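Only one structure is covered here, and it is reproduced in the block below.
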Amino acid sequence: MYIKREKIDNPHPWVDEQAFGRVADAVKQVGRDRAKPIFELLGGEINYDQIRISLVCLSANR
Numbered sequence: 059m060y061i062k063r064e065k066i067d068n069p070h071p072w073v074d075e076q077a078f079g080r081v082a083d084a085v086k087q088v089g090r091d092r093a094k095p096i097f098e099l100l101g102g103e104i105n106y107d108q109i110r111i112s113l114v115c116l117s118a119n120r
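The opening position of the sequence shown corresponds to residue 59 in my numbering, with each subsequent residue numbered one higher.
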């Protein structure tokens, strides 16, 4: 994935700030190992691509 390879830590070209914040909050509750629990916790309101991008950027910020 381009974002991971380039170590990009800013998701905002692809994910809006509100969605990124919601994913970050969900990660605190269910972890970052899999996208499906995050998707389900967010009620399907944020798509898998946005979740995956957010997860990569969150990992880059560690």
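Every residue, glycine too, gets a C-beta built ideally from N, C-alpha and C.
As the structure is a prediction and not an experimental result, all values here were calculated from the model.
7 angstroms Cβ cutoff met for residue i and residue j
i	j	result
Leu113	Arg90	yes
Leu99	Ala84	yes
Ile109	Ile96	yes
Residue i classed as buried or exposed, judged by whether at least 16 other C-beta atoms fall within 10 angstroms
i	result
Gln87	exposed
Pro71	exposed
Sequence-distant residues of its chain with Cβ nearer than 7 angstroms to residue i (five each side left out)
i	result
Ala118	Lys65, Ile66 and Asp67
6 angstroms CB neighbourhood of residue i in its chain, flanking five on each side removed
i	result
Pro69	Phe78, Ile111, Ser112 and Cys115
Lys94	none
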